[in-house]
Amino acid sequence: MTLNSRLVLYTSLICPYAQRVHAALEQAGAKYDKVEIDLKNKPEWYHQINPALKVPALVVDKDAHSKDLEKVPESGVSVNESLVLLELVADLFPDAHLLPHGLVNAVNRAKVRLFIEAGNAFSSAYFGWLIRGEPATNILTAIEGVQAHLPETGFLLGTDRPSIGDLAFAPFFIRFKSFAENSNHSEVDIAGGKQLLETLKTEKYSKFYKYINSLLDLPSIQTTSPDAKLIVDRFTEKIAQLKAAK
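Residue numbers for the sequence shown follow the UniProt record's numbering, beginning at 1 and rising by one.
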């Protein structure tokens with residue numbers, strides 16, 4: 001990043017994909033402006049930022065002269081898709097070590113991308129549990145896949161600094177944990193979710209349990225996370241909408 005560059009993050013607190021990028025910017029110590037997008041009432045101008053009308057989006061303005069947050073300046077570019085943005089943030093802020101650089105770190109970069117795939121399996125199982133009434137045991141199977149990638153200590157790459165792989169995973173576990181602990185929704189396997197959280201405290205999952213608690217304690221995760229009530233309220237509303245649409 002040059003001294004005159006400007007970053008603008010378009011996000012929504014409830015969105016796990018947006019939190020990925022928000023947390024990465026925080027972890028990198030980036031200076032950026034943040035625009036909260038109401039996903040239930042998206043502003044008309046937002047299509048100029050992201051024609052797909054999704055969050056997150058990140059505007060990178062190399063000159064930083066424009067103060068208009070409702071369009072992409074001529075000197076800037078808008079980028080979307082959370083995993084693309086995670087790699088972009090890692091490239092913009094190499095000193096944060098969010099993604100290892102250089103030929104010597106090619107294997108570690110592959111480890112990060114494979115871990116993201118394991119995390120995607122978790123998010124798929126989570127949405128199946130939340131939206132389609134699938135059992136929480138599917139989530140536990142996905143967690144076993146995540147744990148298989150973890151070192152004995154530290155974050156994914158065995159250091160005390162998280163990678164984009166770690167930051168990509170955390171938002172989805174937060175939402176699962178919050179809903180399982182605080183909801184009594186009759187169409188979701190809440191009992192199974194609560195039991196799963198207890199199961200994670202056993203010896204078999206000790207590596208994952210230590211890892212996830214360290215991850216959720218990161219300031220970059222805590223400061224970008226919605227509270228449990230918002231998670232429960234918004235996803236309860238989403239379940240009702242999907243049921244009504246059937």
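For glycine and all other residues, C-beta sits at the position ideal for the given N, C-alpha and C.
All values reported here derive from a predicted model rather than from experimental measurement.
- If we call anything under 7 Å between Cβ atoms a contact, is Ser82 one with Lys62? Locating residue 82 in the sequence shown gives position 82, where the first residue counts as 1. Locating residue 62 in the sequence shown gives position 62, where the first residue counts as 1. Contact: no.
- Query: Is Ser78 near Ile49, with beta carbons less than 7 Å apart?
  - Reply: Here the question's residue 78 lines up with position 78 in the sequence shown. Here the question's residue 49 lines up with position 49 in the sequence shown. Yes. Within cutoff.
- Pull up the distance between the alpha-carbon of Ile143 and that of Thr199, whole angstroms please. One-based indexing of the sequence shown puts residue 143 at position 143. One-based indexing of the sequence shown puts residue 199 at position 199. Ile143 and Thr199: Cα-Cα distance of roughly 11 Å.
- Task: Please go through the same chain and pick out, in chain order, the residues whose beta-carbon is closer than 7 Å to the beta-carbon of Ile221, but skip the five residues on each side of it.
- Result: Here residue 221 is taken as the residue at index 221 of the sequence shown, counted from 1. Cβ within range, chain order: Ala23, Ala170, Leu215.
- Close beta carbons around Lys40, own chain, < 8 Å, minus the five adjacent residues each side: By 1-based counting over the sequence shown, the position of residue 40 is 40. For Lys40, where only same-chain residues beyond five positions count, there are no Cβ hits under 8 Å.
- Task: Report the three-state DSSP secondary structure of Asn80 (helix, strand or coil).
- Result: Reading the sequence shown from its first residue, position 80 is the one you call residue 80. Asn80: strand per DSSP, three-state reduction.
- Query: Within 10 angstroms of its Cβ, does Gln27 collect 16 or more other Cβ (buried), or is it exposed?
  - Reply: The sequence position of residue 27 within the sequence shown is 27, counting from 1. Buried: at least 16 other Cβ atoms inside 10 Å.
- Message: Among the candidates Val232, Pro56, Leu196, Thr11, whose CA atom is the shortest distance from the CA of Pro135?
- Response: On the sequence shown, residue 135 is found 135 positions in, with the first residue counted as 1. Of the listed residues, the one whose Cα sits closest to Pro135 is Leu196.
- Task: Please report how far the alpha carbon of Lys238 lies from the alpha carbon of Arg132, in whole angstroms.
- Result: Within the sequence shown, numbered from 1, the residue matching residue 238 stands at position 238. Within the sequence shown, numbered from 1, the residue matching residue 132 stands at position 132. For Lys238 and Arg132, the distance between alpha carbons rounds to 12 Å.
- Message: Would Arg234 and Ile14 qualify as a contact pair, given that the criterion is a beta-carbon distance under 7 Å?
- Response: Reading the sequence shown from its first residue, position 234 is the one you call residue 234. Reading the sequence shown from its first residue, position 14 is the one you call residue 14. Cβ atoms of Arg234 and Ile14: closer than 7 Å.
- Message: With the cut-off set at 7 Å, would you say Arg175 and Pro16 are in Cβ contact?
- Response: Locating residue 175 in the sequence shown gives position 175, counting from the first residue. Locating residue 16 in the sequence shown gives position 16, counting from the first residue. The answer is yes: Cβ separation under 7 Å.
- Report buried or exposed for Lys67, applying the criterion of at least 16 other Cβ atoms within 10 angstroms of its Cβ. Indexing the sequence shown from 1 puts residue 67 at position 67. With fewer than 16 other Cβ atoms within 10 Å, it is exposed.
- Assess, as a yes-or-no matter, whether the stretch 117-127 is touched by the stretch 51-65 under the definition of 3 or more beta carbon pairs within less than 8 Å. no
- Reduced DSSP category for Val89 - H, G, I as helix; E, B as strand; rest coil: Within the sequence shown, the letter at position 89 stands for residue 89. Note: Val89 maps to helix in three-state DSSP.
- For Val146, the three-state DSSP class (helix, strand or coil): The residue you call residue 146 lines up with position 146 of the sequence shown. Helix at Val146.
- Output the boundary residues of the beta strand (DSSP E) element that contains Ala245. Counted from its first residue, the sequence shown places residue 245 at position 245. Where Ala245 is concerned, there is no enclosing beta strand (DSSP E), although the alpha helix (DSSP H) it sits in stretches over 228-245.
- Task: Grab me the residues of Ala90's own chain with a C-beta within less than 6 Å of its C-beta, minus the 5 sequence neighbours each way, in chain order.
- Result: Position 90 of the sequence shown, counting from 1, holds the residue named residue 90. So the qualifying residues of the chain are Leu98, Leu99, Ile164.
- Message: I need the straight-line Cα distance from Lys194 to Lys177, nearest angstrom please.
- Response: The residue given as residue 194 occupies position 194 in the sequence shown. The residue given as residue 177 occupies position 177 in the sequence shown. Straight-line Cα distance between these residues: approximately 8 Å.
- Message: Considering only the alpha carbon of each residue, which of Ser206, Asp160, Ala245, Pro151 lies closest to Asp217?
- Response: Taking the sequence shown and counting its residues from 1, the one referred to as residue 217 is at position 217. Nearest C-alpha to Asp217: Asp160.
- Message: The alpha helix (DSSP H) that contains Arg6, what's its start and end?
- Response: The residue labelled residue 6 in the question sits at position 6 within the sequence shown. That residue, Arg6, is in no alpha helix (DSSP H); its beta strand (DSSP E) goes 6-11.
- Task: Could you please give the first and the last residue of the uninterrupted alpha helix (DSSP H) stretch that includes Lys194?
- Result: On the sequence shown, position 194 is the one that residue 194 refers to. It spans 190-199 - the alpha helix (DSSP H) in which Lys194 sits, taken as one unbroken run.
- Using only alpha-carbon positions, find the residue among Ile212, Gln241, Leu103, Phe93 that is nearest to Gly154. Start at 1 with the first residue of the sequence shown, and residue 154 comes out as number 154. Of Ile212, Gln241, Leu103, Phe93, the residue nearest in Cα terms is Ile212.
- Contact test: Ala90 Cβ vs the ligand ZN heavy atom, cutoff 6 Å: In the structure on display, the ligand ZN does not appear, and there are no ligands present to speak of.
- Message: Please give the ranges of any alpha helix (DSSP H) in the stretch 105-157, keeping only runs that are unbroken, at least 4 residues long and fully inside the region.
- Response: 106-131, 137-147
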